[in-house]
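First residue of the sequence shown? That's 1 in the UniProt record's numbering, and the numbers climb one at a time after it.
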Amino acid sequence: MTRESESGLPIEPVYGPETLAGWDPADKLGEPGGYPYTRGVYPTMYTGRPWTMRQYAGFGTASESNARYKQLIANGTTGLSVAFDLPTQMGHDSDAPLAHGEVGKVGVAIDSVEDMKVLFDGIPLDQVSTSMTINAPAALLLLLYQLVAEEQGVSADKLTGTIQNDVLKEYIARGTYIFPPKPSLRLVADTFAYCKAEIPRWNTISISGYHMAEAGASPAQEIAFTLADGIEYVRTAVAAGMDVDDFAPRLSFFFVSRTTILEEVAKFRAARRIWARVMREEFGARNPKSWMLRFHTQTAGVQLTAQQPEVNLVRVAVQGLAAVLGGTQSLHTNSFDEAIALPTDKSARLALRTQQVLAYETDVTATVDPFAGSYVVERMTDDVEAAALGLMARVEELGGAVAAIERGFQKSEIERNAYRIALETDAGERVVVGVNRFKLDEEEPYEPLRVDPAIESRQAARLTSLRAARDPAAVAAALAALRAAASGPGNVLYPMRDALRARATVGEVCNALRDVWGTYTPSDTF
């Protein structure tokens, strides 16, 4: 009996050579570290060293998050990943009316360079790689990070890490946008140019399919719409006068990893192959590093359940294994209690230990691309690739990613798939252990981590002190210079850096840009 994959593609009971008719291994596979990178972007992959174990964390105040980062480093994490609260993500200060009730809830509250200093206190920024999950105000947080490094005595050319900086997926699936698409893309292009000149080892964007998947996108939709967004970013930077090889090697991607191991491995392989061909054939990139799709993976938060939460430990281990078998460059494994609340110290440690078991107690790091040549995985890779290319062609027919977003195409496609999944789950056709099968009559009690609501008033007090201590004339002049730059063609990151150095707040800088660029209001027209 034929089953269907998460993308709705057939999975046959048996695969053999006949299912790969016309398949050319030399064309489709290549060697590890060689075009088209189906088998991985590096020749040795994990046989030299494991992936970066980058645990996503941040909550409450900067000092609380700093303590969690130090615990993770002590436990063996090899890269930091910062979660910001919603006011920070939306460019509002903690004492803004719109921030009320959300300060420090889903991430750390960062209002100024003073908070950023506390966040990384005692952490040498020339010795860690830091990822920051921030989009619309990504340039601001990167500049704050640079200013903290500067005060530590660390030069910008020593900094390594990634800013997500992917605002297009916010219009599609997540909603933490600020400005309309055109100025948002200009800000992304300015960041590319700034980092090439000032922070050359920094990954300037993490083009993200993760949040689309969490909203209900199938694996084929996830990579199709993510790569279409990537094409839009490349076109924007090229149109701004940059040579593709000046910025493409610093592009990175961010995908989900689900429990469906075979299709997830196929998805990652297909994504690498598509991107390599797009960069070489469409954009004429000459540097092989411009062809490489390097990506971070996070296990699937949407598949975690509040019912029998300890079962999530098994789900996360399976999802992490899929990411590793698919060739990820870095990995975050979710904590088992994240369907209930922010992770506790213990659950965060267990999530990291899951990665360490995969890296050091299994044999998946002993060979490069363990599934190469597997009849089923090679066929599924072809199928996912074909489905993704079909969706990407539809985006192109609509005029590209931004035009398709404005028509509501990607959002409507994802919502249709999410509805299909919900119907299958409700009908019991899609088994979710502990939810629609193998349930308990009574759930065991669990005490979650709770964020102190007094954080909001403490952050407001810090802002009051900051504004009283700074030079108001210098801040006003810096913000005026930023507005002038935003009105013209110059790179806005330089006056933005000056404003932040003068102790302008995140909200004040974003408001200066709102004054010039306005804000985005979505419309569903497809």
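Virtual Cβ for every residue (Gly too), placed ideally from N, Cα, C.
Suppose contacts are defined by Cβ-Cβ distances below 8 Å. Is residue i in contact with residue j by that definition?
| i | j | result |
| --- | --- | --- |
| Gly-79 | Ser-129 | yes |
| Ile-231 | Lys-267 | no |
| Lys-289 | Pro-249 | yes |
| Thr-47 | Ala-366 | yes |
| Met-53 | Thr-77 | yes |
| residue 529 | Asp-363 | For residue 529 there is no data in the structure shown, the boundaries of the chain being 1 and 526. |
| Ile-199 | Gln-152 | no |
| Pro-343 | Leu-449 | yes |
| Phe-84 | Thr-162 | no |
| Gly-60 | Ile-455 | yes |
| Ala-388 | Ile-261 | no |
| Ala-237 | Phe-247 | yes |
| Leu-391 | Phe-225 | yes |
| His-332 | Gln-127 | no |
| Lys-105 | Val-492 | no |
| Gly-434 | Val-311 | yes |
| Asp-229 | Ala-386 | no |
| Asp-471 | Ala-502 | yes |
| Leu-9 | Glu-378 | no |
| Arg-280 | Phe-253 | no |
| Asp-166 | Ser-131 | no |
| Asn-66 | Val-118 | yes |
| Gly-301 | Glu-264 | no |
| Leu-72 | Ala-348 | yes |
| Thr-299 | Gln-329 | no |
| Leu-143 | Arg-497 | yes |
Which same chain residues, not among the five before or five after residue i, have their C-beta less than 7 Å away from its C-beta?
| i | result |
| --- | --- |
| Gln-303 | Arg-258, Thr-259 and Arg-315 |
| Trp-517 | Phe-179, Pro-180, Pro-183 and Ala-486 |
| Asp-245 | Ala-285, Arg-286, Asn-287 and Ser-290 |
| Gly-91 | Ala-136, Pro-137, Ile-178, Val-506, Gly-507 and Cys-510 |
Just to confirm the assignment, what range does the beta strand (DSSP E) spanning residue i have?
| i | result |
| --- | --- |
| His-92 | Per DSSP, His-92 belongs to no beta strand (DSSP E) and is neither H nor E. |
| Ile-205 | 205–208 |
| Gly-79 | 79–83 |
| Thr-160 | 160–163 |
| Gln-298 | 295–299 |
| Thr-130 | 129–133 |
| Phe-179 | First-last for Phe-179: undefined, no H or E at that position. |
| Val-256 | 251–257 |
For residue i, report the span of its alpha helix (DSSP H) as first-last.
| i | result |
| --- | --- |
| Thr-61 | Element bounds for Thr-61: n/a, residue is neither H nor E. |
| Arg-174 | Here Arg-174 belongs to no alpha helix (DSSP H), and DSSP marks it neither H nor E. |
| Tyr-419 | 409–426 |
| Arg-54 | Run containing Arg-54: none in the alpha helix (DSSP H); it sits in the beta strand (DSSP E), 52–57. |
| Gln-355 | 345–360 |
| Met-496 | 493–501 |
| Thr-236 | 219–239 |
| Ser-290 | 288–291 |
| Leu-119 | 113–119 |
| Leu-147 | 138–152 |
| Leu-331 | No alpha helix (DSSP H) holds Leu-331; the beta strand (DSSP E) holding it covers 330–332. |
| Pro-472 | 472–487 |
| Phe-247 | 244–247 |
| Ile-391 | Correcting the residue identity first, residue 391 is Leu in this sequence and not Ile. Taken as a continuous stretch (DSSP letters only), the alpha helix (DSSP H) holding Leu-391 covers 375–397. |
| Phe-438 | Unbroken run through Phe-438: none, as it is neither H nor E. |
| Leu-308 | Per the sequence shown, residue 308 should be read as Gln rather than Leu. First-last for Gln-308: undefined, no H or E at that position. |
Contact defined as beta carbons within less than 8 Å: I believe residue i pairs with residue j. What is the distance between those atoms, to the nearest angstrom?
| i | j | result |
| --- | --- | --- |
| Ser-112 | Gln-164 | Actually they are not in contact, since the Cβ atoms of Ser-112 and Gln-164 sit about 21 Å apart, beyond 8 Å. |
| Val-108 | Ala-62 | 6 Å |
| Pro-219 | Ser-81 | That belief does not hold up - the Cβ atoms of Pro-219 and Ser-81 are roughly 23 Å apart, past 8 Å. |
| Gly-16 | Tyr-375 | 6 Å |
| Thr-305 | Val-431 | Not quite, the Cβ-Cβ distance comes to about 12 Å (not below 8 Å), so this is no contact. |
| Phe-336 | Leu-350 | 7 Å |
| Arg-269 | Thr-354 | Arg-269 to Thr-354, Cβ: 23 Å. No contact. |
| Leu-159 | Arg-201 | 6 Å |
For residue i, which residues of its own chain have a beta-carbon under 6 Å away from its beta-carbon, when the five flanking residues on both sides are left out?
| i | result |
| --- | --- |
| Asp-95 | Ala-460 and Leu-463 |
| Glu-170 | Asn-135, Thr-176 and Tyr-177 |
| Phe-120 | Val-148 |
| Tyr-69 | Leu-80 |
| Leu-185 | Thr-236 |
| residue 529 | Residue 529 falls outside the range modelled here, since the chain spans only 1 to 526, and no answer is possible. |
| Leu-313 | Phe-336 |
Leaving aside the five residues before and after residue i along the sequence, list all residues of the same chain whose C-beta is less than 8 Å from its C-beta, in chain order.
| i | result |
| --- | --- |
| Gly-30 | Pro-36, Tyr-37, Thr-38 and Arg-39 |
| Gln-356 | Met-53 and Gly-76 |
| Tyr-494 | Tyr-194 and Ala-485 |
*Meets three-Cβ-pair contact criterion under 8 Å: the stretch 464–480 and the stretch 136–148*: The stretch 464–480 and the stretch 136–148 do not touch, with fewer than 3 CB-CB distances between them shorter than 8 Å.
*Touching or not, the stretch 406–417 and the stretch 210–218, by the rule of three or more beta carbon pairs under 8 Å?*
These segments touch.
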